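Inspection log for the structure reproduced underneath, given as structure tokens.
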Amino acid sequence: MLKKRLIPCLDVKNGRVVKGINFVNLTDAGNPVEQAKIYNDAGADEICFLDIAASVENKETIIDVIKKTAAEIFIPLTVGGGIKSTDDIRKILLAGADKVSINTSGIYNPDLIKESSKKFGNQCIVVAIDVKKQEDGSWKVYSHGGTKKTNIDVLDWATKVESYGAGELLITSMDRDGTKIGFDNSLLKTISSKVNIPIIASGGAGKLEHFRDAIIKGGCSAVLAASVFHFGELKISDIKEYLVENNIPMRI
Amino acid sequence: MKKKVVIVDYGLGNIQSAINSVKKALSSENSNNNIVEKTSDYKFIKDASHIILPGQGAFESCIKGLQKLDGMIDELQNQVLIKKKPIFGICVGMQLFATKSFENGEHNGLNWIKGNIIKIQSKKNVLPHMGWNKLNNIKQHAILSGVENEHFYFVHSYYFMTQKEENILAYTDYDTNFPSIVNEKNIFGTQFHPEKSSKAGIKLLSNFLLLN
Chain L
0 MLKKRLIPCL DVKNGRVVKG INFVNLTDAG NPVEQAKIYN DAGADEICFL
50 DIAASVENKE TIIDVIKKTA AEIFIPLTVG GGIKSTDDIR KILLAGADKV
100 SINTSGIYNP DLIKESSKKF GNQCIVVAID VKKQEDGSWK VYSHGGTKKT
150 NIDVLDWATK VESYGAGELL ITSMDRDGTK IGFDNSLLKT ISSKVNIPII
200 ASGGAGKLEH FRDAIIKGGC SAVLAASVFH FGELKISDIK EYLVENNIPM
250 RI
Chain D
0 MKKKVVIVDY GLGNIQSAIN SVKKALSSEN SNNNIVEKTS DYKFIKDASH
50 IILPGQGAFE SCIKGLQKLD GMIDELQNQV LIKKKPIFGI CVGMQLFATK
100 SFENGEHNGL NWIKGNIIKI QSKKNVLPHM GWNKLNNIKQ HAILSGVENE
150 HFYFVHSYYF MTQKEENILA YTDYDTNFPS IVNEKNIFGT QFHPEKSSKA
200 GIKLLSNFLL LN
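Residue numbers (numbering that gives the first Met the number 0), protein chains in the order written: chain L, 0 to 251; chain D, 0 to 211.
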């Protein structure tokens, strides 16, 4: 039976791990290669790097981080942040990443999703969607690291990017990100019941039961979290054991 | 015996992971003489002890990528089918061993193991089949020593339905129970990615590299 996945995410800036609370207030939490090794040894099913300061001069920094990480750990590695072209994707994959996550560029240039999934395979292309609930109850997609609102409805966008060839969706609830009050399971369920590719839940992890709920209530294939791991509030092994006790198949 | 592991680079897929994992797999052997290299030049596979054929993406682009390498397929046939050198195909690399693939049309493979590449039929599960899964109905084989109960990392929507049951070393269940390890004499292939399957994957590669 296929297991559900637990994915620690490392937000990387200038080669160091940081994690934002509601996308601001960054706190240094260390060296990404070392952190990735720790997570790998602890039983992480995949690792995700998000390059949050992906300017031109910083791209070489993240490439170096990917190379060092891929030489030491042998589980899937996803890298996102500032990816604008198939050339960017090629460089990241050649450095040793297995998947890339595309966000803003995919919104303004959907051809990037189409071209890259054709070129590198759907399995390589994770489309990340930052979502915020509106006063009228709708869910809108945000770009540029959550700083720019678009008029795109999340469900429209999710079904579109699936048809463009995305292999997976990484759904971040901006309302929940950094709050530790749980994932937005109604958002996740709305999407997972409409698309036929794996959904990764993100934004809001704080307690053990949040992980269970994202899988059972949200219908997700994988759960991603950052801050609860960095500062040792929850251990990967504890979460996995808890999920197994709750009849969720996990790799232990 | 000194080993030379050659990873065939036909311009697709995450070849660096394959190189890193083979190096890691060899590091358990007490020898500093082993060599791991990638190549697009058929001449470099002549003196290989073991060959790895990685693969990622669509079948059609992979087989075309391989065909574009001048003389490579002929030399692979020579080394694998005549000289019987051990070869390990990963994911689409393994699928290339098949007679035909039905991914986005109909494409001929190398036809080293008879059978076709077909889509997973699943009503209740999402595709691709992505993540960690186990093996079942395992046949006894040295390559599987110590990993029979482990998880491996899969990411695919198509699988290899071999013509003969005897070419299947293990299955994996995803609604459909599909062949996840195939074998014909010196030819081995996994639908999963050993290079992404943590310790279990490294162990499997080590087992393969112990075969002569």
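We put the beta carbon where it would ideally sit given N, CA and C, even for glycine. Predicted, not measured: the structure shown is a model, and the values here were computed from it.
Any idea if residue i is buried or exposed, counting beta-carbon neighbours within 10 angstroms, 16 or more meaning buried?
i        : result
Ser144/D : exposed
Ile235/L : buried
Lys195/D : buried
Lys1/D   : exposed
Ile251/L : exposed
His143/L : exposed
Asn132/D : buried
Ser27/D  : exposed
Leu157/L : First, the residue type needs correcting, since residue 157/L is Ala and not Leu in the sequence shown. Classification for Ala157/L: buried.
Ala141/D : exposed
Asn195/L : exposed
Ser162/L : exposed
Please report the distance separating the alpha-carbon of residue i from that of residue j.
i        : j        : result
Gly231/L : Asp237/L : 11 Å
Asp10/L  : Lys132/L : 23 Å
Asn21/L  : Leu134/D : Note on Asn21/L: pLDDT 40, under 50, position unreliable in the model; the coordinate value appears next. If you take the alpha carbons of Asn21/L and Leu134/D, they lie about 41 Å apart.
Phe212/D : Tyr107/L : This structure does not reach residue 212/D, given that chain D is present from 0 up to 211, and the question cannot be answered.
Lys184/D : His155/D : 25 Å
Val78/L  : Lys82/D  : 41 Å
Val17/L  : Ala94/L  : 22 Å
Asp8/D   : Phe43/D  : 11 Å
Ile137/D : Met129/D : 21 Å
Ile117/D : Thr178/L : 45 Å
Leu233/L : Ile46/L  : 16 Å
Ile186/D : Tyr158/D : 17 Å
Leu25/L  : Ser226/L : Bear in mind that a pLDDT of 47 at Leu25/L, under 50, signals an unreliable position, so the model cannot answer this.
Lys83/L  : Glu165/D : 47 Å
Ser30/D  : Ile74/L  : 26 Å
Val146/D : Asn206/D : 10 Å
Leu242/L : Ile6/L   : 14 Å
Gly42/L  : Lys198/D : 11 Å
Leu92/L  : Thr85/L  : 10 Å
Met160/D : Ala57/D  : 17 Å
Ile18/D  : Thr149/L : 42 Å
Arg15/L  : Asn110/D : 48 Å
Phe48/L  : Asn148/D : 30 Å
Phe228/L : Arg211/L : 16 Å
Tyr152/D : Asp40/L  : 16 Å
Asn245/L : Tyr141/L : 34 Å
Just to confirm, does residue i get its C-beta within under 6 Å of one of the non-hydrogen atoms of the ligand MN?
i       : result
Ala69/L : Summarising the ligand content, the structure contains no ligands, and the ligand MN is consequently not present.
Do residue j and residue i come within 7 Å of each other at the CB atom, strictly closer than that value?
i        : j        : result
Gly217/L : Ala200/L : yes
Leu111/L : Asp97/L  : no
Gln66/D  : Asn13/D  : no
Met249/L : Lys2/L   : yes
Ser116/L : Ile88/L  : no
Val91/D  : Ile50/D  : no
Lys99/D  : Asn77/D  : no
Glu71/L  : Lys113/L : no
Gly88/D  : Leu52/D  : yes
Leu95/D  : Ile62/D  : yes
Ile62/L  : Lys12/L  : no
Gln120/D : Thr175/D : yes
Gly166/L : Ile124/L : yes
Asn33/D  : Leu25/D  : yes
Ser100/L : Ala127/L : yes
Ile214/L : Ile247/L : yes
Gln255/L : Pro193/D : Absent from the model: residue 255/L. The displayed extent of chain L is 0 to 251, so no value can be given.
Leu186/L : Cys8/L   : no
What are the residues that DSSP puts in a beta bridge with residue i?
i        : result
His150/D : Lys133/D
Ile198/L : Leu168/L
Gly88/D  : Leu52/D, Gly188/D
Trp138/L : Lys132/L
Cys8/L   : Cys47/L
Thr171/D : Phe177/D
Asn107/D : Lys99/D
Arg175/L : The partner list for Arg175/L (beta bridge, DSSP) is empty, contrary to what the question assumes.
Leu11/D  : Note: Leu11/D sits in no beta bridge, so no partner.
Ile247/D : Not covered by the structure: residue 247/D. The range shown for chain D is 0 to 211.
Arg15/L  : Lys12/L
Tyr158/D : Ile117/D
Does the beta carbon of residue i sit closer than 7 Å to a beta carbon anywhere in chain A?
i        : result
Ile196/L : Here chain A cannot be found, since the structure's protein chains are L and D.
Query raised in the report: For the segment 195-203 of chain D against the segment 167-176 of chain D, are there 3 or more C-beta pairs whose distance is under 8 Å?
Result: No, the segment 195-203 of chain D does not touch the segment 167-176 of chain D.
Query raised in the report: Does the segment 134-144 of chain L touch the segment 153-164 of chain L, meaning 3 or more C-beta pairs lie closer than 8 Å?
Result: Yes, the segment 153-164 of chain L touches the segment 134-144 of chain L.
Query raised in the report: Should the segment 63-73 of chain L be regarded as contacting the segment 30-37 of chain L, the criterion being three or more beta carbon pairs within less than 8 Å?
Result: The segment 63-73 of chain L is in contact with the segment 30-37 of chain L.
Query - At least three beta-carbon pairs within less than 8 Å, the segment 190-197 of chain L to the segment 154-170 of chain L - result: A contact between stretches requires three or more CB pairs, one per stretch, nearer than 8 Å, and the segment 190-197 of chain L meets this requirement with the segment 154-170 of chain L.
Requested in this report: Would you check if there are 3 or more beta carbon pairs closer than 8 Å linking the segment 198-212 of chain L to the segment 177-185 of chain L?
Outcome: As far as the Cβ criterion goes, the segment 198-212 of chain L touches the segment 177-185 of chain L, which means the pair count is three or higher.
Query raised in the report: Should the segment 84-102 of chain D be called in touch with the segment 24-41 of chain D, which here means at least 3 C-beta pairs below 8 Å?
Result: Taking one beta carbon from each stretch, the segment 84-102 of chain D and the segment 24-41 of chain D have fewer than 3 pairs nearer than 8 Å; the two do not touch.
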